[in-house]
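The numbering used here numbers the first residue of the sequence shown as 9 and each following residue consecutively. Beta carbons are placed, not taken as given, at the ideal position from N, Cα and C, and that holds for glycine. Working notes, beginning with the structure itself.
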Amino acid sequence: MNPISFVCIITGVMLNACAQLLLKAGVNAVGHFEFSRANIIPVGLKIATQLPIIGGLGCYVLSVVVWIVGLSRVDVSIAYPMLSLGYVVNAFAAWYLFGEVLSVQRLVGIGIILIGVLVLARS
Numbered sequence: 009m010n011p012i013s014f015v016c017i018i019t020g021v022m023l024n025a026c027a028q029l030l031l032k033a034g035v036n037a038v039g040h041f042e043f044s045r046a047n048i049i050p051v052g053l054k055i056a057t058q059l060p061i062i063g064g065l066g067c068y069v070l071s072v073v074v075w076i077v078g079l080s081r082v083d084v085s086i087a088y089p090m091l092s093l094g095y096v097v098n099a100f101a102a103w104y105l106f107g108e109v110l111s112v113q114r115l116v117g118i119g120i121i122l123i124g125v126l127v128l129a130r131s
């Protein structure tokens with residue numbers, strides 16, 4: 009994989025990870041909710057007007073554009089597994105930003121993901 013292709017793929021992964029974190033921040037601002045016939049419109053409007061959610065959706069749009077450019081340069085069998093790096097980024101970011109737990113099991117899983125991505129990237 010050449011450097012430009014790598015940058016496209018990693019940028020797509022990072023934008024996707026950022027989108028998830030922004031969506032989580034937006035939902036945290038709204039709080040726990042359940043959709044029902046009576047509240048679907050008010051809750052939907054409250055969610056739709058959260059700036060982090062709007063930013064997250066924007067990151068998704070950008071990530072798709074960058075991802076398509078990356079896919080034009082890299083085999084999907086190499087590019088798609090790189091998305092798993094988003095799990096690694098989000099696990100540490102969620103721990104830092106939202107106080108989510110990073111258990112030993114999660115850390116072992118992250119290590120396995122990183123080894124898998126390294127093996128794929130070198131093939």
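Take the alpha-carbon of Ile49 and the one of Ser131: they are about 50 Å apart.
When DSSP states are grouped into helix, strand and coil, Gln58 belongs to the coil group. Around the C-beta of Ala25, 16 or more other C-beta atoms lie within 10 Å, and the residue is accordingly described as buried. Restricting attention to Ala129, Ala99, Leu91 and Phe14, the CA atom closest to the CA of Leu115 is found in Ala99. Each residue's CA atom was taken as its position, placing Gly63 and Ala129 some 30 Å apart. A direct Cα-to-Cα measurement between Ser85 and Ser92 gives close to 13 Å. Here DSSP, grouped into helix, strand and coil, assigns Ser44 to coil. Contact annotation, Ser13 with Gly78: C-beta distance approximately 6 Å; criterion of less than 8 Å satisfied.
Around the CB of Leu30, 16 or more other CB atoms lie within 10 Å, so the residue is classed as buried.
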